[in-house]
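Report on one structure; see the data block that follows.
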Amino acid sequence: MRGAHALLHTLVDGGVDVCFANPGTSEMHFVAALDGVPAMRPVLTLFEGVATGAADGWGRMTGRPASVLLHLGPGLGNGLANLHNARRAGTPVVTVVGDHSTAHKVHDAPLDSDIDSVAGTVSRWVRRSATAADVGPDTASAVAAALGPPAGIATLILPADASWDDGAAPARVEPTAAAGRGALDADTLEAAAKALTGGEPCVLLIGSDAALADGARAAARIAAATGATLLAETFPSRSERGGGLPAVPRLSYVAAAARRQLDGAAHIVLAGARSPVAFFGYPRQSGDLLPEGCDVVTIAEKYGPASTALQALADLVAPGTRAPAGPAGRPALPTGELTGASASAVIGALLPDGAIVVDEANTSGVGLGQATAGGPRHDWLTLPGGAIGYGMPAAAGAAVACPDRPVWCLAADGAAMYTISALWTHAREGLDVTTVVYNNAAYAVLRAELAQVGAEFTGDGSGAVARRLLDLDDPTLDFVRIAEGMGVPARRAETADQFADALRAAAAEPGPHLVEAMVPPVVR
Ligand SMILES: Cc1ncc(C[n+]2csc(CCOP(=O)(O)OP(=O)(O)O)c2C)c(N)n1
Ligand SMILES: [Mg+2]
C-alpha cells in the first residue's frame, strides 16, 4: 500500500473522517488516494485559514480531531492564525503538510521552506515521516497526540515520496495514558471549599469543559450555596446555554471592566481557567487582573477535564442541591433602528432551538449574551486566541460536524473579510449556516484602542492618517454582492424589522444564507 493510502486509512480508523483541504502538487498522491477511501470526507477550502478554522469548529463540536491538508510552508503559514486559535481553544487538530520529495529537497526549489519551524509555533507534536513505512505509525501517533490529553495540534509533515512509495500499512491509534490528569485531589478540593465557605468574598472562574452544561450546573450550585461570584473566562471555546441552564456571565474583555468584576475578591477558585490577565499591556498598568492579595486555588487546569472536579466541589459545598433554574424568556422583537443592541434582541427573539452560534460579532455583539440566555438550548463558540477571521471558517466546520443543527455565524465586517472565501465552502457543501455580517464600516474596537493610546502619546489620537487605517468605508464593502458572487443568497437589512424578516427567511430555507446588518459603529 502507498503511504497516502495508509495515512487516510489510519485517520479514518482513528475517527478522523473529515479533511479540510487546500492541496498542491506535493499533495497530489494524497488527493489521488481519496477515491479509494470513501469514508474520508474531503472538503475543499479556497484559503488555508478557512481549512484550519473549519477544523477548529469541527473539533470543538465533536471533541475529535479533523484533519487539514496544507501545501508546504506557505500553505501552513496561511493557515497559522486559525491554528493559533485552535491551540488556544484546546481543540484537537491533525495537520498534514505536504513537502517536496526527499530527493528534491537538496535543490532548494522555489517552494522549499522551514516547515518544521513554522509548525512548531502552534503544534504540541511535529513529526516528519522519513519513508512510506513510517506513515501509518506516524499518523496514528499524530491522532493520539492531537487527542491528548490535553488536546492540541499535531502536525505531520509528509514528503511526497513517503506519500507515493509502496510498503506502507495503516496503524492503530493507541490512546495516550492520561498521566494523572483529571485525578481529583482531595486536598485541593478541600482548599477550594474553604475559600468558598470561609466568609470572605470569593470568585469562581470556570472555563474549558466546565463551560458545558454539567459544569455550568455544578458552578451555579456552588454559587447559590456559598454566595460566590460566578464568572466564565472571557472567551470560552464552547459553552452550552439556554433551555433553562444557569446563565454564567463572562469576564469582560475590557480590562477595567474585568477589574471591577473581580474587585474585592479575597479568593479565586479556578476550574478549567487560568488566573485572569488583560489581553494587552498598556503603559504603567499591570496586566495582572487578580486583585491584590487575592489567593488562588486551581481545582482543574485550563484544557483539563474541569467539569468532573467542579461537580465534586459542588457535592462538597452544596450537597444534595440542584442547580437553580436559569433565566427563561426571549426579548421582545424590537422595531425601528438597527444597532448592535437591537440586532442582539432580534437574534435573541429568533434563535432556533439547538442552534450553534459562532460569535465573532466583536463590538456589535452588545447584549448578545443576555438576549440569548433565556432562549432555547444552544451552543456558543467564541475566539479564545483573539486572531480574527475564525468565524466563517469555524461555522463551516461546526455545520459539517452537526448537519442537523442550524449554525448562526455572527461576523463583524472586518473579521469577515479575512476568511470571506469560507462562504464559497458554505455554498459548495450546502451547509445550513446563516451568516450575519455586521457592517459598521470600521475597525471599531481599534478606534477605541487608538483613543486610549493616542491620548497619551499623540495628544488626542484623531490624526487623519492614523484614522484611515481603521475605517472600512473607502470604498464601502458590499457583502450582499460578495456573498452572491460565491453562491450564497444574501439580503441587506437597514432596520430591526428588515433584520428579523431576513433571519426568518434564512431559517425557513435549508442551506447557507447571509444577512448584511447595516449598523452604526459603537465608536465613531
Ligand atoms: C489576525 C489578526 N489580525 C489583526 C488583529 C487586530 N484586530 C483586532 S480587532 C480588529 C478589527 C475589528 O474590526 P471588526 O471585525 O469589523 O469589528 P468591530 O471592532 O468593528 O466590531 C483588528 C484588525 C487581530 N486581532 N487578529
Ligand atoms: Mg467592523
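If you're matching positions, the sequence shown starts at 80 in this note's numbering and goes up one per residue. Note that beta-carbon positions come from the ideal geometry of N, C-alpha and C, so glycine has one too. For clarity, every value in this text was computed on a predicted model and none was experimentally measured.
- Nearest to Leu460 by C-alpha distance, out of Gly169, Glu279, Ala233, Thr400, is Gly169.
- In this structure the region 144 to 156 does not touch the region 464 to 473; the number of beta carbon pairs closer than 8 angstroms is below three.
- For His592, DSSP records a beta bridge to Thr513.
- Within the same chain, Cβ atoms closer than 7 angstroms to the Cβ of Glu439 are found at Leu462, Ile467, Tyr469, Gly470, Leu489, Ala490, Ala491, Ala494, the five residues on either side in sequence being excluded.
- For Thr131 and Val512, the gap between their C-alpha atoms comes out near 18 angstroms.
- The C-beta distance from Ile232 to Ile194 rounds to 14 angstroms, too long to fall under 8 angstroms, and the pair is not in contact.
- The three-state reading of DSSP puts Ala118 in coil, since its state is none of H, G, I, E or B.
- For Thr377, the CB contacts under 7 angstroms within the same chain, skipping 5 residues up- and downstream, are Leu349 in chain order.
- Judged by DSSP in its simplified three-state form, Ser500 adopts coil rather than helix or strand.
- In this structure, ligand 2 has no non-hydrogen atom nearer than 7 angstroms to the beta-carbon of Asn164.
- Contact check for Gly294 and Ala385: beta-carbon distance about 6 angstroms, within the 8 angstroms limit, so the pair qualifies.
- DSSP lists Cys98, Val173 as the bridge partner or partners of Ser146.
- Between ligand 1 and Ile426, a heavy atom-to-CB distance of less than 7 angstroms is absent.
- As far as DSSP is concerned, His88 takes part in no beta bridge.
- Your pair Tyr332 and Phe358 checks out as a contact, with CB atoms roughly 6 angstroms apart and the cut at 8 angstroms.
- For Asp458, the enclosing beta strand (DSSP E) stretches over residues 457 to 460.
- At a threshold of 7 angstroms, Ala397 does not count as near ligand 2, since its beta carbon sits no closer than that to any of the ligand's heavy atoms.
- With respect to Arg353, Gly433 sits apart: the two C-beta atoms are not nearer than 8 angstroms.
- Fewer than three pairs of CB atoms, one per stretch, sit closer than 8 angstroms, so the region 179 to 189 makes no contact with the region 154 to 169.
- Here Arg81 carries a coil assignment [DSSP, helix/strand/coil].
- The secondary-structure analysis by DSSP pairs Ile236 across a beta bridge with Val176, Arg207.
- Boundaries of the alpha helix (DSSP H) around Asp394: 385 to 396.
- In its chain, beyond the 5 residues on either side, Ala575, Asp576 have a beta carbon closer than 7 angstroms to the beta carbon of Thr414.
- Rounded to whole angstroms, the Cβ separation of Ser208 and Ala241 is 4 angstroms, and the two are in contact under 8 angstroms.
- Ligand 1 has a heavy atom closer than 7 angstroms to the beta-carbon of Tyr522.
- If you check the CB distance, Ala250 and Thr141 do not come in under 8 angstroms.
- Close CB contacts of Ala188 within its chain, under the 7 angstroms cut and outside five residues either way in sequence, are with His179 (chain order).
- With distances taken between CA atoms, Arg560 lies nearest to Trp503 out of Trp503, Asp244, Asp213, Leu190.
- For Pro238, same chain residues with a beta-carbon under 6 angstroms away, outside a window of 5 residues either side, are Asp178, Ser180, Thr181 in chain order.
- Under the three-state reduction of DSSP, Leu430 is assigned to coil, being neither helix nor strand.
- About 6 angstroms separates the beta carbons of Val122 and Glu508, which is inside the 8 angstroms limit, making them a contact pair.
- Ranked by Cα distance from Ala452, the options Leu510, Ala397, Leu412, Arg320 are led by Arg320.
- Distances between the C-beta of Asp492 and the heavy atoms of ligand 2 include at least one below 7 angstroms.
- Look at Ala520 here: in three-state DSSP terms it is coil, with no helix or strand label.
- If you look at Ser105, you'll find it isn't in any alpha helix (DSSP H); DSSP assigns it neither H nor E.
- For the pair Gly405 and Ala326, the CB atoms are nearer than the 8 angstroms cut-off.
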